[in-house]
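Enquirer: Input: one structure, supplied below.
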Amino acid sequence: MSILYDEGQQAIATESRRVLEARVSKEELLPLLETSGRYHEGYWTTAKEQGWTALALPEAYSGLDLGLVELGLIAHQAGRSLSGAPFLTSNFGAAKAIELYGTEDQKAKWLPGLASGETIGAVAFASGANALPARPALTLTGERLDGVMTGVSAGLAADIAVVFANGPGMPVLAVAELADVKRTAIASFDNSRLYADLEFADTPAETLVTGGAAREAALHILALQAVITAHEQAGGAEAMMEIARDYAVTRRAFGQPIGAFQSIKHRIAEIYGLVELARANCIHAASREGQSDFITAAAAARISATEAYDTASRDCVQIHGGIGVTWELGLHLHTRRARSLAIEQGNLLFWEDVLVDRLTGEAA
Amino acid sequence: MSDLEAYRAKAAAWLESMVPTYGKAARKGLSEADDLALARKYQKAKFDAGYAGINWPTEFGGQGKGHLEKVTFDTEEMKHGFPSFYFGISLGMPIPVLMQFGEDKAWVKERVLKALQGEEIWCQLFSEPAGGSDLAGLRTKAEPDGNGWKINGQKVWTSWAHYSDYGVIVVRTDPNVPKHKGLTYFWVDMKAPGVTVRPIKLVGGDSHVNEVFFDDVKIGDDHRMSPVGGGFAVAIATLMIERYVATDSAGFGPHLDLFVELAKDTELNGKPAIEDGRIRQQIARNYAMRSGLQSITARAMAMMQAGMTPGPEGSLNKLVAVRSRQKLSELAIDLQGSDGFTYDDHASQKEDWTSSWINAPTGRIAGGSDETLLNTIAEKILGLPQDHRPDKGVPFNQIPA
Numbered sequence: 001m002s003i004l005y006d007e008g009q010q011a012i013a014t015e016s017r018r019v020l021e022a023r024v025s026k027e028e029l030l031p032l033l034e035t036s037g038r039y040h041e042g043y044w045t046t047a048k049e050q051g052w053t054a055l056a057l058p059e060a061y062s063g064l065d066l067g068l069v070e071l072g073l074i075a076h077q078a079g080r081s082l083s084g085a086p087f088l089t090s091n092f093g094a095a096k097a098i099e100l101y102g103t104e105d106q107k108a109k110w111l112p113g114l115a116s117g118e119t120i121g122a123v124a125f126a127s128g129a130n131a132l133p134a135r136p137a138l139t140l141t142g143e144r145l146d147g148v149m150t151g152v153s154a155g156l157a158a159d160i161a162v163v164f165a166n167g168p169g170m171p172v173l174a175v176a177e178l179a180d181v182k183r184t185a186i187a188s189f190d191n192s193r194l195y196a197d198l199e200f201a202d203t204p205a206e207t208l209v210t211g212g213a214a215r216e217a218a219l220h221i222l223a224l225q226a227v228i229t230a231h232e233q234a235g236g237a238e239a240m241m242e243i244a245r246d247y248a249v250t251r252r253a254f255g256q257p258i259g260a261f262q263s264i265k266h267r268i269a270e271i272y273g274l275v276e277l278a279r280a281n282c283i284h285a286a287s288r289e290g291q292s293d294f295i296t297a298a299a300a301a302r303i304s305a306t307e308a309y310d311t312a313s314r315d316c317v318q319i320h321g322g323i324g325v326t327w328e329l330g331l332h333l334h335t336r337r338a339r340s341l342a343i344e345q346g347n348l349l350f351w352e353d354v355l356v357d358r359l360t361g362e363a364a
Numbered sequence: 001m002s003d004l005e006a007y008r009a010k011a012a013a014w015l016e017s018m019v020p021t022y023g024k025a026a027r028k029g030l031s032e033a034d035d036l037a038l039a040r041k042y043q044k045a046k047f048d049a050g051y052a053g054i055n056w057p058t059e060f061g062g063q064g065k066g067h068l069e070k071v072t073f074d075t076e077e078m079k080h081g082f083p084s085f086y087f088g089i090s091l092g093m094p095i096p097v098l099m100q101f102g103e104d105k106a107w108v109k110e111r112v113l114k115a116l117q118g119e120e121i122w123c124q125l126f127s128e129p130a131g132g133s134d135l136a137g138l139r140t141k142a143e144p145d146g147n148g149w150k151i152n153g154q155k156v157w158t159s160w161a162h163y164s165d166y167g168v169i170v171v172r173t174d175p176n177v178p179k180h181k182g183l184t185y186f187w188v189d190m191k192a193p194g195v196t197v198r199p200i201k202l203v204g205g206d207s208h209v210n211e212v213f214f215d216d217v218k219i220g221d222d223h224r225m226s227p228v229g230g231g232f233a234v235a236i237a238t239l240m241i242e243r244y245v246a247t248d249s250a251g252f253g254p255h256l257d258l259f260v261e262l263a264k265d266t267e268l269n270g271k272p273a274i275e276d277g278r279i280r281q282q283i284a285r286n287y288a289m290r291s292g293l294q295s296i297t298a299r300a301m302a303m304m305q306a307g308m309t310p311g312p313e314g315s316l317n318k319l320v321a322v323r324s325r326q327k328l329s330e331l332a333i334d335l336q337g338s339d340g341f342t343y344d345d346h347a348s349q350k351e352d353w354t355s356s357w358i359n360a361p362t363g364r365i366a367g368g369s370d371e372t373l374l375n376t377i378a379e380k381i382l383g384l385p386q387d388h389r390p391d392k393g394v395p396f397n398q399i400p401a
């Protein structure tokens with residue numbers, strides 16, 4: 001089972017690429033690395049104006065009723081342009097959690113704001129290496145949350161967070177307002193992602209789902225986010241491949257373009273293979289939303305996209321030689337993003353285990 | 001059900017009915033001669049059922065259907081281990097080229113029908129000891145001889161030449177011009193005087209490929225299938241014939257399920273190997289790679305069905321799949337430890353890890369080596385420059401040997 005993009009979807013890809021190329025430049029992205037607590041506001045304004053925040057949400061709550069395929073196309077372009085704001089994925093994950101598991105009241109309360117982008121959402125499940133910990137770092141007592149979540153993507157700016165917590169004797173998925181939560185910005189190698197530690201203390205929270213279903217729900221939300229992130233990774237990898245190619249046909253050494261040397265051309269051809277495998281897995285995974293093999297497809301997309309982006313950015317720098325490691329050229333923006341995206345939404349180790357669990361029917 | 005799905009269902013049912021007579025179990029223990037005899041009967045049965053020459057024109061005895069039906073049938077057929085590979089080259093390249101470039105249409109039709117029914121086999125005489133990746137560097141020559149030509153030289157890696165009735169061949173007819181321009185394309189009778197076929201035994205123990213020697217082999221000018229000096233273009237047309245063939249994300253080795261089973265059944269340091277992180281990582285990464293290839297193939301099929309041209313990413317299949325099959329097979333043997341020494345040279349490469357492993361190097365070379373494929377991707381898809389070629393524009397007989 002696979003899909004071909006239709007005309008409308010192709011138009012989304014073309015238009016989002018055009019808009020992002022016009023509005024996001026590396027000159028704006030570089031300074032963001034040197035301070036913490038700032039992100040690319042122009043990108044977020046663009047995302048809101050273009051309706052990307054509303055894209056995959058239901059019409060009944062001010063959404064556009066499109067799906068993962070369309071949002072994936074935009075994420076791919078955002079990855080190419082290093083959009084510099086984490087919210088496209090985190091907002092979507094938080095909104096989907098409320099849409100899929102919330103009550104009518106909860107949906108009415110949160111979804112329109114998340115759809116317009118006026119409310120910024122975060123998803124906070126992980127505890128260090130564990131994307132879905134056996135013992136979550138937060139405890140829900142009554143309707144109050146306590147504990148510290150570390151390294152929450154978009155955590156510094158988010159208005160609400162969907163969290164995975166210990167409920168009374170069972171895990172629980174809940175949504176909390178962050179207005180009174182103490183936040184500490186993390187000095188990161190990719191500062192514009194607004195990573196923060198969140199300290200919950202008697203914080204009001206509303207339950208979305210409890211018990212075994214909460215863990216399944218959390219995995220499903222992670223998988224949805226992973227597919228979006230994988231598209232972003234594939235887009236970044238594709239950009240690195242093109243930058244490497246363009247340099248290899250222009251830069252000359254020993255009387256010929258360096259792209260004529262097999263050590264260079266084969267390296268770029270290998271990246272092409274990784275990018276295309278990742279892209280194919282991403283498109284497939286996006287088209288499997290709602291099907292029984294969705295988690296498996298999401299894991300495969302995540303694994304191949306992580307490998308593609310890391311390898312492409314690593315090799316692109318190597319192909320450039322000395323100029324590749326300068327601050328100004330900005331290749332490091334991709335190197336940084338490749339690694340930050342590799343950790344967000346569950347690391348490679350997590351998704352490898354999820355995939356093998358699915359294939360074998362047993363957990364390690 | 002779409003037309004194509006209906007076609008698939010019908011083909012699958014027919015193939016299923018052939019399993020008792022021609023399937024894996026029926027072929028077990030047969031000598032190669034007996035297997036080939038069985039293969040000829042199977043090919044005839046395919047022809048009679050309308051599954052031979054599926055996408056070929058009806059005027060030559062084909063079925064006149066589309067490429068999609070052909071790939072669909074091949075995909076279903078691959079599941080059963082039928083002896084169809086003896087005809088793979090013959091029906092894959094030489095016969096389609098013959099249909100396209102053969103002058104005597106009545107004679108061509110006779111050959112096509114015989115080949116489709118498994119009565120005649122054709123081989124493709126391209127590679128030489130000095131011209132493999134560099135096809136245009138070949139040295140076998142044809143000189144004018146009366147009204148025809150006289151061939152002298154040697155070909156190598158010729159699949160099924162020892163069973164072939166005819167072959168298509170590229171030879172040098174003019175050494176005084178740059179290498180691509182001095183080649184001409186012919187067909188030859190493999191039983192003609194002066195043709196000697198010598199099988200080459202490969203690492204896996206089988207001898208599907210041959211050296212073929214030509215000593216004063218005389219052919220008429222009516223054997224010529226290209227203008228004199230225009231053989232390279234026809235050779236390239238031959239190699240381009242089937243860009244989208246039925247592919248296999250397992251690299252024509254075992255399916256990943258078999259590795260998962262092995263890992264479940266094998267104990268490593270007192271625990272099932274499936275619990276070992278190194279094993280799990282390889283399973284996960286192989287799955288991701290294979291599912292990517294499958295998605296690329298599925299999209300290519302969908303594009304063809306929609307009347308569009310698939311993207312170039314279909315060219316990744318062999319490069320990526322065979323290489324990873326080689327590594328996974330190594331790991332599977334490692335995993336068996338001292339139980340891993342056993343080797344049965346009749347075992348199937350698709351079911352046996354050792355057989356898969358020992359034959360994998362052949363897969364990485366035949367049909368374009370990894371390096372050749374990477375060059376093709378780099379140059380044709382990504383627009384990177386060609387390698388430095390010192391023989392460019394130099395007359396063939398002035399290229400330093």
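As you go down the protein sequences, you meet chains A and B in turn.
Mapping to full-length UniProt numbering: the first sequence position 222 is 222, numbers consecutive.
Mapping to full-length UniProt numbering: the second sequence position 337 is 337, numbers consecutive.
Just so you know, even glycine gets a beta-carbon here, dropped at the ideal spot from N, CA and C.
Across the segment 192-203 of chain A and the segment 58-73 of chain A, are there enough close Cβ pairs to call them in contact, namely three or more that are closer than 8 Å?
Expert: Result no; under three Cβ-Cβ pairs closer than 8 Å.
Enquirer: Out of B/194, B/342 and B/263, state which residue places its alpha-carbon closest to the alpha-carbon of residue 332 of chain B.
Expert: Of B/194, B/342 and B/263, the residue nearest in Cα terms is B/263.
Enquirer: Can you tell me whether residue 388 of chain B is buried or exposed? The criterion is at least 16 other CB atoms within 10 Å of its CB, across all chains shown.
Expert: Looking at its Cβ environment, which holds fewer than 16 other Cβ atoms inside 10 Å, residue 388 of chain B is exposed.
Enquirer: Leaving out five residues on either side along the sequence, give the residues of the same chain with a beta carbon under 6 Å from the beta carbon of residue 1 of chain A.
Expert: No answer about residue 1 of chain A holds up, because its pLDDT of 48 lies below 50 and its placement is not dependable.
Enquirer: Would residue 80 of chain A count as contacting chain B if we go by Cβ distances under 7 Å?
Expert: No, residue 80 of chain A does not count as interfacial toward chain B.
Enquirer: Please work out which residues of its chain come closer than 7 Å, Cβ to Cβ, to residue 377 of chain B, disregarding the five sequence neighbours upstream and downstream, and give them in chain order.
Expert: Answer for residue 377 of chain B: 315, listed in chain order.
Enquirer: For the segment 174-191 of chain A and the segment 28-41 of chain A, state whether three or more C-beta atom pairs, one from each stretch, are separated by less than 8 Å.
Expert: Output reads yes: the segment 28-41 of chain A touches the segment 174-191 of chain A.
Enquirer: Of the residues B/149, B/160 and B/249, which one's Cα is nearest the Cα of residue 174 of chain B?
Expert: Answer by Cα proximity: B/149.
Enquirer: Which chain A residues are close to residue 264 of chain B, counting only those with a beta carbon under 7 Å from its beta carbon?
Expert: The answer, in chain order, is 360.
Enquirer: With DSSP collapsed to three states, give me the class of residue 160 of chain A.
Expert: Of the three classes helix, strand and coil, the one that applies to residue 160 of chain A here is strand, per DSSP.
Enquirer: Between A/241, A/181 and A/173, which has its C-alpha nearest residue 150 of chain A's C-alpha?
Expert: The candidate whose alpha carbon is nearest that of residue 150 of chain A is A/181.
Enquirer: Would you mind sorting residue 176 of chain B into buried or exposed? The rule is 16 or more other CB atoms within 10 Å of its CB.
Expert: With fewer than 16 other Cβ atoms within 10 Å, it is exposed.
Enquirer: Can you tell me whether DSSP reads residue 209 of chain A as helix, strand or coil?
Expert: Correct three-state label for residue 209 of chain A: strand.
Enquirer: Under 6 Å Cβ to Cβ from residue 56 of chain B, same chain only, skipping five residues before and after it: list those, please.
Expert: Excluding residues within five positions, the ones whose Cβ falls inside 6 Å are 62.
Enquirer: Once the 5 residues before and after residue 249 of chain A are set aside, which same chain residues still bring their CB inside 8 Å of it?
Expert: Taken in chain order, the residues that qualify are 257 and 259.
Enquirer: Just to confirm, does residue 231 of chain B get its C-beta within under 6 Å of one of the non-hydrogen atoms of the ligand MG?
Expert: Among the components of this structure there are no ligands whatsoever, and the ligand MG is therefore not found.
Enquirer: Within 10 Å of its beta-carbon, does residue 235 of chain A have 16 or more other beta-carbons around it, so buried, or fewer, so exposed?
Expert: When all chains shown are included, residue 235 of chain A counts as buried.
Enquirer: Give a yes or no on whether the minimum CB-CB distance between residue 287 of chain B and chain A is below 7 Å.
Expert: By this cut-off, residue 287 of chain B is an interface position.
Enquirer: Using the Cα positions of residue 244 of chain A and residue 212 of chain A, report the straight-line distance between them to the nearest angstrom.
Expert: Between residue 244 of chain A and residue 212 of chain A, the C-alpha separation is close to 47 Å.
Enquirer: Run the CB neighbour count on residue 11 of chain B, radius 10 Å, all protein chains shown included, and call it buried at 16 or more, exposed below.
Expert: The residue is buried, with at least 16 neighbouring Cβ atoms inside 10 Å.
Enquirer: CA-CA distance, residue 256 of chain B and residue 298 of chain B?
Expert: If you take the alpha carbons of residue 256 of chain B and residue 298 of chain B, they lie about 19 Å apart.
Enquirer: Using 7 Å as the limit for Cβ to Cβ distance, is residue 364 of chain A near chain B?
Expert: Residue placement at residue 364 of chain A is flagged as unreliable, the pLDDT there being 44, under the threshold of 50; a coordinate-derived value is accordingly withheld.
Enquirer: Against residue 259 of chain A, what residues of chain B qualify as contacts under a CB-to-CB distance less than 7 Å, listed in chain order?
Expert: Simply 384 and 385.
Enquirer: Can you confirm whether residue 331 of chain B, when its beta carbon is compared against all beta carbons of chain A, has any partner nearer than 7 Å?
Expert: Not one chain A Cβ lies under 7 Å of residue 331 of chain B.
Enquirer: With a cut-off of 8 Å, do at least 3 Cβ pairs link the segment 92-110 of chain A to the segment 167-175 of chain A?
Expert: They touch, by the three-pair rule.
Enquirer: Just to make sure I have the definition right: I need the residues of chain B whose C-beta is within less than 8 Å of the C-beta of residue 249 of chain A. Which are they?
Expert: Residues of chain B passing the Cβ test: 383, 384 and 385.
Enquirer: Do the CB positions of residue 82 of chain A and residue 337 of chain A come within less than 7 Å of each other?
Expert: Yes, they are a contact pair.
Enquirer: Is the beta carbon of residue 355 of chain B closer than 7 Å to that of residue 347 of chain B?
Expert: In contact: residue 347 of chain B and residue 355 of chain B (Cβ atoms closer than 7 Å).
Enquirer: May I have the straight-line CA-CA distance separating residue 73 of chain B from residue 322 of chain A, to the nearest angstrom?
Expert: So the alpha carbons of these two residues sit roughly 53 Å apart.
Enquirer: At what residues does the alpha helix (DSSP H) containing residue 72 of chain A begin and finish?
Expert: Here the alpha helix (DSSP H) through residue 72 of chain A covers 68-80.
Enquirer: Give the straight-line distance between the Cα atoms of residue 185 of chain B and residue 196 of chain B, rounded to the nearest whole angstrom.
Expert: If you take the alpha carbons of residue 185 of chain B and residue 196 of chain B, they lie about 20 Å apart.
Enquirer: For residue 171 of chain B, count neighbouring C-beta atoms within 10 Å of its own C-beta (all shown protein chains included) and say buried if the count is 16 or more, exposed if not.
Expert: Burial call: buried.
Enquirer: With respect to the alpha helix (DSSP H) encompassing residue 99 of chain B, which residues constitute its N-terminal and C-terminal limits?
Expert: Segment 94-101, the alpha helix (DSSP H) holding residue 99 of chain B.
Enquirer: Applying a beta-carbon distance threshold of less than 9 Å, which residues of chain A neighbour residue 328 of chain B?
Expert: Residues of chain A passing the Cβ test: none, with the nearest at roughly 14 Å.
Enquirer: Which residues does DSSP pair with residue 187 of chain B in a beta bridge?
Expert: In the DSSP output, where bridge partners are listed per residue, residue 187 of chain B has B/168.
Enquirer: DSSP three-state label for residue 20 of chain A, please.
Expert: Residue state, collapsed to three classes: helix.
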